[in-house]
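If you read the sequence shown in the working numbering, its first letter stands for residue 86, the second for the next number, and so on. Glycine included, C-beta positions come from ideal geometry on N, C-alpha and C. Please read these numbers as outputs of a predicted model, since none were measured by experiment. Right, one structure below, let's go through it.
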Amino acid sequence: MSIQRQLTQLILATVTLATFFAGLYGYKSSAEQLDDFFDKELVAYSSVLQNASHINAVTLTNQTLQFQIWRENRLVAKSSGAPEKRLTLTINGFDEVSANGKRWRVYANSLDDANDSSIVIVAHAKELRLAAAESVLIEAIAPLVFALPIIGLFVFYFIRKSLKPLVVLSGALDLKNSTDLSLIDIGHPPKELSPVVSHLNELLRRLSQAFARERQLSANTAHELRTPVSVLNINLHNALKAFHQNNLSDDTFEQLQKNTDRLAHVIEQIIALHRFTEENFNEHKVSCDLELVLQQVIAQNYNDISTKGQSIELNCQSQPVVGHEFALSTMFENILKNAIKYTPLGGSIYVSVKRTKVDFSSKGLLPGQDCMLITFDDSGEGVSQGDLEKLTERFYRAKRTEGQKGSGLGLSIVNHIVQLHGGRLSFSSSELGGLQVLVYVPIGHDDGS
86 MSIQRQLTQL
96 ILATVTLATF
106 FAGLYGYKSS
116 AEQLDDFFDK
126 ELVAYSSVLQ
136 NASHINAVTL
146 TNQTLQFQIW
156 RENRLVAKSS
166 GAPEKRLTLT
176 INGFDEVSAN
186 GKRWRVYANS
196 LDDANDSSIV
206 IVAHAKELRL
216 AAAESVLIEA
226 IAPLVFALPI
236 IGLFVFYFIR
246 KSLKPLVVLS
256 GALDLKNSTD
266 LSLIDIGHPP
276 KELSPVVSHL
286 NELLRRLSQA
296 FARERQLSAN
306 TAHELRTPVS
316 VLNINLHNAL
326 KAFHQNNLSD
336 DTFEQLQKNT
346 DRLAHVIEQI
356 IALHRFTEEN
366 FNEHKVSCDL
376 ELVLQQVIAQ
386 NYNDISTKGQ
396 SIELNCQSQP
406 VVGHEFALST
416 MFENILKNAI
426 KYTPLGGSIY
436 VSVKRTKVDF
446 SSKGLLPGQD
456 CMLITFDDSG
466 EGVSQGDLEK
476 LTERFYRAKR
486 TEGQKGSGLG
496 LSIVNHIVQL
506 HGGRLSFSSS
516 ELGGLQVLVY
526 VPIGHDDGS
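This is the structure in structure tokens:
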């Protein structure tokens, strides 16, 4: 059964039940008030009869109102429908009796003085009172009974109108298939339905992104692994040929080792790029000391720095930020490895960390917000202005990377991690002559939690 039908039936049943109890209460209240009114009428009529002259000649033909006048235990006057027998033995007050096949409400009033000793008995038929109460009830309930169909139509209309956004949402979901992950648009949903639509769209957005990542991963893997696998095949072919010719040399194995390492590096970078998702990222945020993380990253790569005779300097203001420690370490290592790779022998690398206020607006940052600015400068060849804008594109290789082996994924991974932290990544020319990488990370940013 539909919600619309259930609500309509429930409201109409409630209105009907309320009408019934209102009628029941009205009937009871009307009956009490009418009894009081008719009792007062009996008292007034009794007084009129006691004060009437020529009392013996008084007769009535009204079958709903009867009277008897007794004097010295003798019936001296009565209405035409009253019995000969005394209606009640009560001397003063009200009573209920049966006579002539009817139920009567009786009032007796005695007058006993020196000049007169009489009892006036006045009676109303109970059916008169019941008929009057029923008449009042019908007059009160009839409009509601006739109005019920109209109320039903109005209830049905307003419920249907109120549930229209839900019907539209249901229809939109029915039309979707397993490949349709487009967002749902139902215009202006009511306040109660807005969170549902918002969360459904968020779920669809995440599913779409997840599928896009999976497709991208497949495409990236096929694209990037093709070359190193082909080179490995050539190396293996050459090694096999040299083996048959008894001409194996160290250079053959060195080339094989280098290309194996390149393949491993590409696979590692692709996995790193797709490891950090919004779903599992926020669950592992902790307070991280940037100085300690950077020191560890530099220590892990110091052999490469030393081998090329490069110098590195870290200038850091210790400041904890809320973030994913492994992700931050991966991000800094990718930036540092790029700086080491593209800085010439004997060159310089400068890393600084300082607290600053944002003077721009981005997805996760607002003007005036406190954040940490991590800067990497190198004395390499530098990057042209046209290349600066494309450095975060996957598999993009800038001009200065010519002659250098790499996957073209390092800065794409960096940008992805920065965005997960709600920060910003930018590039410019360094005063040292090479590339300057600027990373803005909010202090205490934890996605509102």
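Nonlocal neighbours in the same chain, by C-beta distance under 7 Å from residue i, ignoring five residues either side
i, result
"GLU157", "SER202"
"ASN141", "Low confidence applies here, because ASN141 scores a pLDDT of 46, under 50, leaving its location unreliable and the question unanswered by this model."
"GLU410", "VAL371, CYS373, VAL378"
"VAL128", "TYR192"
"HIS369", "HIS409"
"ASP455", "ARG440, LYS442, ILE528"
Contact set for residue i: own chain, Cβ-Cβ below 6 Å, skip 5 residues either direction
i, result
"LYS326", "none"
"ASN194", "SER131, VAL205"
"ALA424", "ILE434, PHE461, ASP463"
"LEU317", "ASN344"
Assumed close pair residue i, residue j - CB separation to whole angstroms, cut-off 8 Å
i, j, result
"GLN402", "ARG440", "6 Å"
"LEU233", "THR93", "No, LEU233 and THR93 are not in contact; Cβ-Cβ is about 12 Å, not under 8 Å."
"MET457", "VAL407", "MET457 to VAL407, Cβ: 11 Å. No contact."
Cutoff 8 Å; reference residue i; Cβ partners in own chain excluding five residues on either side
i, result
"SER183", "TRP189"
"THR414", "In the sequence under discussion, the amino acid at residue 414 is Ser, which differs from the Thr named in the question. Only VAL378, GLN381, VAL382 meet the Cβ criterion."
"SER247", "PRO275"
"ALA98", "none"
"GLN91", "none"
"SER263", "none"
Of the listed residues the options, nearest to residue i (C-alpha basis)
i, options, result
"PHE461", "VAL503, SER515, VAL443", "SER515"
"SER437", "VAL522, SER255, PRO313", "VAL522"
"ASP265", "PHE123, PHE241, ARG290", "ARG290"
"GLU169", "GLU181, ASP389, GLN153, ASP180", "GLN153"
"PHE417", "LEU430, GLU181, ASN500, LYS442", "ASN500"
"LEU238", "ILE96, GLY432, VAL282, LYS442", "ILE96"
"ALA412", "GLN91, GLN504, ILE235, SER114", "GLN504"
"LEU451", "TYR525, ILE498, ASN419", "TYR525"
"LEU399", "ALA384, ASP389, ASN388", "ALA384"
"THR175", "ASN185, TRP155, SER165", "TRP155"
"LEU258", "ILE235, VAL240, VAL282, PHE241", "VAL282"
"PHE179", "GLY186, SER165, PHE123", "PHE123"
"PHE105", "HIS322, SER87, VAL230, LEU375", "VAL230"
Beta-carbon proximity check, residue i vs residue j, cutoff 7 Å
i, j, result
"GLY519", "GLY453", "no"
"LEU119", "ALA218", "yes"
"LEU278", "TYR112", "no"
"ALA167", "VAL191", "no"
"GLN340", "ASN320", "yes"
"LEU421", "SER464", "no"
"ARG245", "GLN89", "yes"
"PRO280", "PRO250", "no"
"ILE271", "VAL253", "yes"
"ALA349", "THR337", "no"
"LEU196", "GLN151", "no"
"ALA539", "LYS187", "Outside the modelled stretch of the chain, which goes from 86 to 534, sits residue 539, for which no answer is possible."
Sequence ranges, beta strand (DSSP E) only - wholly within the region 191-216, length at least 3: 202-210
Residue ranges of each alpha helix (DSSP H) within the region 403-474, 4 or longer: 410-427, 470-473
Secondary structure, beta strand (DSSP E): runs of 3+ residues fully inside the region 104-182: 150-156, 159-163
Uninterrupted alpha helix (DSSP H) stretches inside the region 210-275 (no shorter than 4 residues): 211-247, 249-260
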